[in-house]
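There are 4 protein chains.
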Amino acid sequence: MDVVEVIPTAEQYAYTFGGVAPLLRVSPGTALRVWSDDAFGGVLRKTSDLSSEKVDLRFVNPQTGPFHVEGAEPGDTLALHFVAMEPARDWGASAAIPFFGGLTSTDRVATLQEPLPDTTWIYELDRAAGTVTFAARHSDLEIALPVEPMLGTVGVAPAGGEVRSSLVPERFGGNMDTPQMKPGTTCFLGVNVEGALFSIGDGHYRQGEGEACGTAVEGAMTTTLIVELIKGGAPAWPRLEDDSHWMTVGSSRPLEDAWRISSVELVRWFGELYGLQPMDAYQLLSQTVEAPIANVVDANYSSVVKVRKSLLPRASAYGGLHDDLRRRALTLR
Amino acid sequence: MDVVEVIPTAEQYAYTFGGVAPLLRVSPGTALRVWSDDAFGGVLRKTSDLSSEKVDLRFVNPQTGPFHVEGAEPGDTLALHFVAMEPARDWGASAAIPFFGGLTSTDRVATLQEPLPDTTWIYELDRAAGTVTFAARHSDLEIALPVEPMLGTVGVAPAGGEVRSSLVPERFGGNMDTPQMKPGTTCFLGVNVEGALFSIGDGHYRQGEGEACGTAVEGAMTTTLIVELIKGGAPAWPRLEDDSHWMTVGSSRPLEDAWRISSVELVRWFGELYGLQPMDAYQLLSQTVEAPIANVVDANYSSVVKVRKSLLPRASAYGGLHDDLRRRALTLR
Amino acid sequence: MDVVEVIPTAEQYAYTFGGVAPLLRVSPGTALRVWSDDAFGGVLRKTSDLSSEKVDLRFVNPQTGPFHVEGAEPGDTLALHFVAMEPARDWGASAAIPFFGGLTSTDRVATLQEPLPDTTWIYELDRAAGTVTFAARHSDLEIALPVEPMLGTVGVAPAGGEVRSSLVPERFGGNMDTPQMKPGTTCFLGVNVEGALFSIGDGHYRQGEGEACGTAVEGAMTTTLIVELIKGGAPAWPRLEDDSHWMTVGSSRPLEDAWRISSVELVRWFGELYGLQPMDAYQLLSQTVEAPIANVVDANYSSVVKVRKSLLPRASAYGGLHDDLRRRALTLR
Amino acid sequence: MDVVEVIPTAEQYAYTFGGVAPLLRVSPGTALRVWSDDAFGGVLRKTSDLSSEKVDLRFVNPQTGPFHVEGAEPGDTLALHFVAMEPARDWGASAAIPFFGGLTSTDRVATLQEPLPDTTWIYELDRAAGTVTFAARHSDLEIALPVEPMLGTVGVAPAGGEVRSSLVPERFGGNMDTPQMKPGTTCFLGVNVEGALFSIGDGHYRQGEGEACGTAVEGAMTTTLIVELIKGGAPAWPRLEDDSHWMTVGSSRPLEDAWRISSVELVRWFGELYGLQPMDAYQLLSQTVEAPIANVVDANYSSVVKVRKSLLPRASAYGGLHDDLRRRALTLR
């Protein structure tokens with residue numbers, strides 16, 4: 021199976037979901053190898069590069085795309101299977117951007133306090149060891165941490181003619197910033213417009229759950245994925261599947277509402293998977309679910325809930341598409 | 021090392037943290053084997069037992085205790101190391117209590133809607149297999165789930181003369197409902213009153229993160245623990261340590277505030293453990309933390325953040341007490 | 021001073037802020053008399069017209085506009101002075117739309133409960149008396165209430181290329197649903213795109229603060245307004261001025277964040293008006309402000325804070341524009 | 021009608037609702053004239069008195085009481101009618117306490133930022149003019165503001181054996197910090213324990229809605245009130261009545277939940293007053309209610325909703341007790 025290489029020029033990046041002409045038209049079944057720049061557009065390269073001087077928050081999370089999927093119509097389900105994510109540079113960057121992040125006041129959690137000090141950390145990548153190294157700015161501590169690549173943003177064009185910044189996680193996916201969006205995962209998104217118009221970006225060499233300081237180990241990424249389309253069946257909110265878990269993602273504020281959304285979506289999915297009446301699905305989920313916070317820093321906060329497949333009877337979603345995509349991934353060249 | 025058995029009579033249960041005379045005085049270093057009744061006081065025994073008829077929400081989570089720890093003074097740190105938790109009955113119960121839980125309106129998330137149907141599920145315990153069985157109420161589905169025992173409530177008397185219901189998680193611990201409160205964990209709590217006056221209860225044979233429906237697989241429990249006291253060093257919020265993780269727990273509303281509390285407490289702890297300046301601790305935590313929601317159903321919501329020790333340099337807290345308690349646990353008879 | 025009449029055809033309505041070509045280009049200083057349809061597009065005409073059958077939530081709050089203001093550039097301040105609002109029909113409608121409103125679960129405050137009953141109320145207008153009549157659906161009670169016309173939505177195109185539904189209140193104004201948006205008020209909005217591209221709609225014959233059930237007494241409206249432009253000086257969030265009050269509007273979730281936003285914006289404005297240092301402005305505001313909730317039902321919740329001018333020393337904003345507009349309004353024909 | 025004078029000694033203050041022995045037993049119908057100290061216990065007397073040095077947050081809002089009301093039993097309704105509130109000192113104080121207030125991070129809205137500068141303002145009282153004077157700390161601006169006395173805290177002992185700090189607003193009333201708690205208002209509270217055990221304190225010479233900086237113009241107060249008891253009829257949350265408005269108060273976090281609580285309580289009250297079915301009450305309230313925020317700074321946030329009586333048909337609550345108390349107040353000596 022062939023793979024289409026996509027390396028955008030600087031002018032081709034999109035900064036919104038919706039409102040942008042397609043970069044490429046692809047048929048369902050296509051495999052793509054996609055280069056994406058880091059959240060900062062690559063401008064933070066040393067610790068003296070400060071986000072307040074070099075980053076314009078209106079132009080972060082540059083998206084590679086959007087891709088028009090042939091035949092995709094509103095109400096359909098787009099499936100994106102992530103085969104591989106490889107760091108495309110030898111360093112990643114993280115920053116405590118003034119008035120951005122979870123342990124600071126922000127433009128929304130507005131206070132009269134001074135911002136935290138604008139600080140940049142650079143993580144050197146050791147490809148052989150598969151690590152990035154945290155280097156403290158105020159002491160000598162250095163810690164090599166495993167690379168665990170993921171994508172912060174995966175989304176389609178919104179419904180209702182809306183156009184949203186690539187900082188936003190919502191029903192359409194977007195900047196969910198969950199470490200679950202990693203190689204081996206299939207992401208199911210409801211299609212809102214003809215062609216779906218999906219894009220990806222915001223690669224992270226690793227990220228803690230919650231993305232506390234507002235930024236991960238941000239890095240340019242080469243992502244290999246397979247695009248598939250299911251006619252109909254659009255989920256209300258993003259669903260993820262990997263070999264081990266059923267997962268849903270909700271995004272809103274306050275955080276409990278993001279959690280409620282993801283939980284109700286999983287109750288619905290359990291209904292489909294196991295024929296469970298909603299109260300029974302609610303009960304079963306209550307005793308089996310894991311609930312890792314995705315982010316508490318973006319325009320909406322995101323909550324993941326997931327249940328280990330091995331706890332449950334065998335079931336398959338969307339005609340067993342995930343397993344099929346796993347097999348197809350092995351044939352990529 | 022001997023173990024003191026504690027089996028309370030029905031009249032001896034406490035329903036608050038604070039405001040109750042000690043059940044027993046213990047010296048630091050004492051090992052206890054404590055019987056606690058389930059959250060419902062054992063009254064839900066079959067699916068026709070409805071919480072609206074049998075459960076008085078003013079008297080749930082019966083606490084075994086409080087225990088007066090000799091020498092404990094405000095500002096000290098109580099350490100409770102959980103050695104073992106064994107189901108004390110052959111069944112557990114769960115219920116969707118009207119207007120209680122996460123996917124329903126409540127007395128706080130107040131709406132004009134009808135409640136969800138009052139429903140009880142009974143989980144039969146198979147000791148040999150180490151499972152409890154979910155039995156759907158509206159279909160024939162049955163699923164055997166592993167027993168993963170934990171305690172919903174572990175707390176001390178609050179500060180400032182307050183007395184709080186055993187439904188409340190707060191600075192003093194209490195009804196945190198985190199699956200992390202399991203055998204092998206050491207829980208560090210700040211002491212607010214002379215003797216600390218800790219109590220435990222609300223055993224769960226298993227619970228998903230978030231405790232979505234408001235109740236776990238609730239069950240009477242026999243808990244073996246070792247009580248220790250550290251002079252001074254009281255953490256602002258509960259800290260947990262097990263062999264694999266450093267953990268903190270925050271409890272408040274909305275859920276993002278619970279998360280903020282736990283995260284700031286972990287930044288502080290990283291400062292103590294690794295000599296990290298706060299911005300560096302914030303950054304390190306951002307890239308390494310796991311953030312499992314504990315509960316979104318209690319009087320406050322609870323958030324756990326935790327970092328895997330194996331990611332970090334070797335460090336020890338409270339003079340290596342956790343490791344010491346693990347060793348002592350092996351000597352219990 | 022002449023007034024330009026604007027009566028859109030059904031095809032000319034906009035359902036978003038941004039993303040729509042201008043309906044009309046106007047020069048600063050222009051007076052407009054604008055017809056706007058009600059939030060439901062006029063389809064709820066009797067109590068048997070149910071929102072679940074007749075209303076498509078993707079196409080509510082039809083906007084008259086957008087208007088391109090000559091010379092308006094990003095960073096400028098658009099001033100809209102509302103001279104008059106006259107009911108354009110003899111009835112208004114209100115509805116409890118399933119899973120929409122403040123005392124019900126919603127798509128965001130997601131629960132598993134049944135919706136409240138889909139219910140429509142029709143309010144007959146008595147022009148002579150200046151009242152609309154509440155008629156209970158489940159008893160004989162009828163109450164004539166004073167007409168107090170206002171506009172739910174007043175907004176400009178968003179920044180960053182975003183396009184937002186006319187259900188959304190944000191920095192750009194939009195669906196703030198505050199009863200303060202009434203005749204005699206001047207609304208100051210930061211300009212984000214060339215021409216500002218403002219629109220108005222969602223007339224209310226009256227509305228309680230909070231818009232509890234999600235809809236006001238919705239009615240078609242004829243609004244007379246004067247458009248002005250201030251070069252530069254764009255406020256971060258909407259500011260309102262009338263003869264009696266300085267006001268700001270914040271919109272976000274949770275509601276305390278909306279309040280924080282409006283309060284910080286008022287601290288800033290007090291700094292400009294009175295040369296107050298922020299801590300002094302914070303203190304003065306703390307003892308003088310009124311804080312009426314605007315809405316707790318829209319995509320963001322909105323909070324108004326306002327201070328009575330008569331409590332404060334004389335001051336003028338934007339060169340005394342509000343007073344000037346009040347005078348100009350008297351000359352309209 | 022005689023008035024009982026109550027002037028506590030320093031040792032007699034209570035700092036909790038519940039958990040304190042009665043200061044005095046009173047019969048229903050008794051009039052009291054009660055001295056209460058300011059929130060700071062009178063220790064902030066000049067601008068150089070800093071809260072961080074002089075105020076212990078565990079001992080603020082000293083309560084005068086509790087008063088045991090003869091015959092009061094759980095489920096009854098306590099009515100407190102406020103006849104007069106007179107400043108008991110010639111100055112009031114306000115402070116921006118570090119990490120306390122609405123436009124700063126706090127122990128709950130936890131961030132890593134520095135606190136705002138600890139600042140104290142002293143307001144001189146001009147009894148003849150009926151004003152207190154704001155004096156800016158960083159400029160020469162002085163503004164005389166009308167005295168509008170109110171009580172921050174009015175509460176009874178909580179249910180379920182809880183004891184809560186006098187910083188807490190809840191079902192039992194407490195630190196609601198609403199400017200509606202002023203002379204001419206009758207406050208209805210559900211009784212939770214024998215004797216009700218109510219107390220009052222935290223006098224404010226004036227306060228803006230929201231109590232943005234965390235403190236009002238705090239002042240010692242002499243409050244004249246009449247105590248009445250209604251057998252049964254305990255409201256779920258505090259209800260207020262004055263000559264012009266029906267009001268309810270909800271307290272929780274996030275702020276929208278406080279609003280939901282107060283709104284549902286008002287729907288209930290409208291049902292009692294006008295025989296309205298809940299959906300009709302919801303609709304009527306939606307079009308008539310005012311929703312002034314009470315506080316966004318305390319342990320819970322408080323929301324008031326209120327409807328002007330003149331908009332509604334004549335109705336009376338609790339047998340017309342408010343009107344009766346207004347008449348009785350005229351006979352006090």
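Residue numbers (the working numbering), protein chains in the order written: chain W, 21 to 353; chain E, 21 to 353; chain A, 21 to 353; chain Y, 21 to 353.
A virtual CB, placed ideally from N, CA and C, is assigned to each residue, including glycine.
**Asked** Between Thr140(A) and chain E, is there a C-beta pair that is closer than 8 Å?
**Response** As a working note, residue 140(A) is residue 120 in the third sequence. It does not: the Cβ of Thr140(A) has no partner Cβ on chain E nearer than 8 Å.
**Prompt:** With Cys207(A) and Leu100(A) assumed to form a contact (beta carbons below 8 Å), what rounded beta-carbon distance in angstroms separates them?
**Reply:** The count along the third sequence starts at 1 and reaches residue 207(A) at position 187. The count along the third sequence starts at 1 and reaches residue 100(A) at position 80. Right, the Cβ-Cβ distance comes to about 5 Å (below 8 Å), so this counts as a contact.
**Prompt:** Which residues does DSSP pair with Gly210(A) in a beta bridge?
**Reply:** The residue labelled residue 210(A) in the question sits at position 190 within the third sequence. The partner list for Gly210(A) (beta bridge, DSSP) reads Thr97(A).
**Message:** To the nearest angstrom, how far is the alpha carbon of Val54(A) from that of Val247(A)?
**Reply:** Within the third sequence, numbered from 1, the residue matching residue 54(A) stands at position 34. Within the third sequence, numbered from 1, the residue matching residue 247(A) stands at position 227. Distance between the alpha carbons of Val54(A) and Val247(A): 12 Å.
**Request:** Just mark Ser72(W) as buried or exposed, buried being the case when its beta carbon has 16 or more other beta carbons within 10 Å.
**Result:** Residue numbering aside, residue 72(W) sits at position 52 when the first sequence is read from its first letter. Exposed: under 16 other Cβ atoms inside 10 Å.
**Asked** Helix, strand or coil: how does DSSP classify Thr308(W) here?
**Response** Numbered from its first residue, the first sequence carries residue 308(W) at position 288. DSSP, read as helix, strand or coil, puts Thr308(W) in helix.
**Asked** Using the beta-carbon of each residue, which ones in chain Y are nearer than 8 Å to Asp277(E)?
**Response** For the purposes of this step, residue 277(E) is taken as the residue at position 257 of the second sequence. The answer, in chain order, is Arg128, Val129, Ala130, Arg273.
**Request:** Check each candidate in Tyr143(A), Thr29(A), Asp127(A) and name the one with the smallest Cα separation from Gly112(A).
**Result:** One-based indexing of the third sequence puts residue 112(A) at position 92. When each option's Cα is compared against that of Gly112(A), the closest is Tyr143(A).
**Item:** C-beta neighbour in chain A for Thr12(W), strict 8 Å
**Value:** It is not possible to answer for residue 12(W), since the shown part of chain W is limited to 21 through 353.
**Item:** Through-space distance from Trp289(W) to Glu372(A), alpha-carbon basis
**Value:** With chain A covering 21 to 353 only, the question about residue 372(A) has no answer from this structure.
**Message:** Considering Cα atoms alone, identify which of Gly295(A), Asp300(A), Val316(A) is closest to Ala337(A).
**Reply:** Stepping through the third sequence from its first residue, residue 337(A) is reached at position 317. Among Gly295(A), Asp300(A), Val316(A), the Cα nearest to that of Ala337(A) is on Gly295(A).
**Prompt:** Since Thr244(A) contacts Leu352(A) with CB under 8 Å, what's their CB separation in whole angstroms?
**Reply:** Along the third sequence, read from residue 1 onward, the residue named residue 244(A) stands at position 224. Along the third sequence, read from residue 1 onward, the residue named residue 352(A) stands at position 332. The Cβ separation is near 7 Å, so the contact holds.
**Message:** Please state whether the Cβ-Cβ distance between Ala232(A) and Leu332(A) is less than 8 Å.
**Reply:** Numbered from 1 along the third sequence, position 212 holds the residue referred to as residue 232(A). Numbered from 1 along the third sequence, position 312 holds the residue referred to as residue 332(A). With respect to Leu332(A), Ala232(A) sits apart: the two C-beta atoms are not nearer than 8 Å.
**Request:** Go to Ala349(E), then tell me how far its beta strand (DSSP E) extends in each direction, as first and last residue.
**Result:** Against the second sequence, residue 349(E) aligns to sequence position 329. Membership of Ala349(E) in any beta strand (DSSP E) is not indicated; the residue belongs instead to the alpha helix (DSSP H) covering 341-349.
**Message:** If I follow the unbroken alpha helix (DSSP H) through Gly291(Y), where does it start and stop?
**Reply:** As a first step, residue 291(Y) is located in the fourth sequence; it is residue number 271 there, counting from the start. Counting along the chain, the alpha helix (DSSP H) containing Gly291(Y) begins and ends at 275-294.
**Asked** Along the chain, where does the beta strand (DSSP E) that runs through Lys326(E) open and close?
**Response** Locating residue 326(E) in the second sequence gives position 306, where the first residue counts as 1. Unbroken beta strand (DSSP E) run through Lys326(E): 321-328.
**Asked** So who's on the other strand from Phe87(A), going by DSSP bridges?
**Response** Within the third sequence, numbered from 1, the residue matching residue 87(A) stands at position 67. The partner list for Phe87(A) (beta bridge, DSSP) reads Leu44(A), Phe218(A).
**Request:** Reducing DSSP to helix, strand and coil, say where Asp146(A) ends up.
**Result:** Within the third sequence, numbered from 1, the residue matching residue 146(A) stands at position 126. Asp146(A): strand per DSSP, three-state reduction.
**Item:** Three-state class that DSSP yields for Ala115(E) in the structure shown
**Value:** Mapped onto the second sequence, residue 115(E) falls at position 95. Judged by DSSP in its simplified three-state form, Ala115(E) adopts strand.
**Asked** Can you name the start and end residues of the alpha helix (DSSP H) that Glu73(E) belongs to?
**Response** Residue mapping note: residue 73(E) aligns to position 53 of the second sequence, counting from 1. Element bounds for Glu73(E): 71-74.
**Message:** Checking the sheet assignment: what are the DSSP bridge partners for Gly193(E)?
**Reply:** Taking the first residue of the second sequence as position 1, residue 193(E) is located at position 173. For Gly193(E), which the question treats as bridged, DSSP gives the partners Gly175(E), Glu190(E).
**Integer-rounded CB distance, given that Val89(Y) should sit under 8 Å from Val46(Y)** = Along the fourth sequence, one-based indexing puts residue 46(Y) at 26. Along the fourth sequence, one-based indexing puts residue 89(Y) at 69. Their Cβ separation, rounded to whole angstroms, is 6 Å, which keeps Val46(Y) and Val89(Y) in contact under 8 Å.
**Prompt:** Apart from the five residues just before and just after Gly121(A), which ones in its own chain have a Cβ nearer than 6 Å to its Cβ?
**Reply:** The sequence position of residue 121(A) within the third sequence is 101, counting from 1. Excluding sequence neighbours, Gly121(A) sits near Cys233, Gly234, Val317.
**Request:** Identify, in the order they occur along the chain, each residue of the same chain with its Cβ nearer than 7 Å to the Cβ of Val287(W), setting aside the five sequence neighbours on each side.
**Result:** Position 267 of the first sequence, counted from the start, is the residue given in the question as residue 287(W). Closer than 7 Å at the Cβ level, and outside the excluded window around Val287(W), lie Pro298, Ala301, Tyr302, Leu305.
**Message:** Quick check: the Cα distance between Asp343(A) and Ala41(W), rounded to an integer number of angstroms?
**Reply:** Here residue 343(A) is taken as the residue at index 323 of the third sequence, counted from 1. Here residue 41(W) is taken as the residue at index 21 of the first sequence, counted from 1. Distance between the alpha carbons of Asp343(A) and Ala41(W): 46 Å.
**Asked** Quick one: Cα of Tyr225(Y) to Cα of His224(A), how far?
**Response** Here residue 225(Y) refers to the residue found at position 205 of the fourth sequence. Here residue 224(A) refers to the residue found at position 204 of the third sequence. Each residue's Cα considered, the two are about 37 Å apart.
**Pairwise C-alpha distance: Asp263(Y) and Arg348(Y)** = Numbered from its first residue, the fourth sequence carries residue 348(Y) at position 328. Numbered from its first residue, the fourth sequence carries residue 263(Y) at position 243. Near 14 Å, if we compare the C-alpha coordinates of Asp263(Y) and Arg348(Y).
**Prompt:** For Tyr7(E), does the three-state DSSP call read helix, strand or coil?
**Reply:** Shown here, chain E extends from 21 to 353; a query on residue 7(E) therefore has no answer.
**Request:** Pull up the CB-CB distance for Ala319(Y) and Val188(Y), whole angstroms please, since I reckon it's below 8 Å.
**Result:** Walking along the fourth sequence from the start, residue 319(Y) turns up at place 299. Walking along the fourth sequence from the start, residue 188(Y) turns up at place 168. Contact holds; Cβ gap of about 4 Å.
**Asked** In this structure, does DSSP put Met299(A) in helix, strand or coil?
**Response** Position 279 of the third sequence holds residue 299(A). Judged by DSSP in its simplified three-state form, Met299(A) adopts helix.
**Request:** Answer yes or no: does any C-beta atom of chain A fall closer than 8 Å to that of Tyr294(W)?
**Result:** Residue numbering aside, residue 294(W) sits at position 274 when the first sequence is read from its first letter. No, because no Cβ of chain A sits closer than 8 Å to the Cβ of Tyr294(W).
**Asked** Leu217(E) and Pro86(E) look like a contact to me (Cβ under 8 Å); what is the Cβ gap, rounded to whole Å?
**Response** What you label residue 217(E) is simply residue 197 of the second sequence in a count that begins at 1. What you label residue 86(E) is simply residue 66 of the second sequence in a count that begins at 1. By a beta-carbon distance limit of 8 Å, Leu217(E) contacts Pro86(E). Their separation comes to about 4 Å.
**CB contact check: Ala179(E) to chain Y, cutoff 8 Å** = On the second sequence, position 159 is the one that residue 179(E) refers to. Judged by the 8 Å Cβ criterion, Ala179(E) is in contact with chain Y.
**Asked** Is Gly175(W) near Gly193(W), with beta carbons less than 8 Å apart?
**Response** Locating residue 175(W) in the first sequence gives position 155, counting from the first residue. Locating residue 193(W) in the first sequence gives position 173, counting from the first residue. For Gly175(W) and Gly193(W), yes; Cβs fall inside 8 Å.
**Prompt:** Is DSSP giving Leu77(Y) helix, strand or coil here?
**Reply:** The sequence position of residue 77(Y) within the fourth sequence is 57, counting from 1. Correct three-state label for Leu77(Y): helix.
**Prompt:** Hey, is Phe87(A) close to the ligand HEM, as in C-beta under 7 Å from one of its heavy atoms?
**Reply:** The ligand HEM is absent from the structure shown, which contains no ligand whatsoever.
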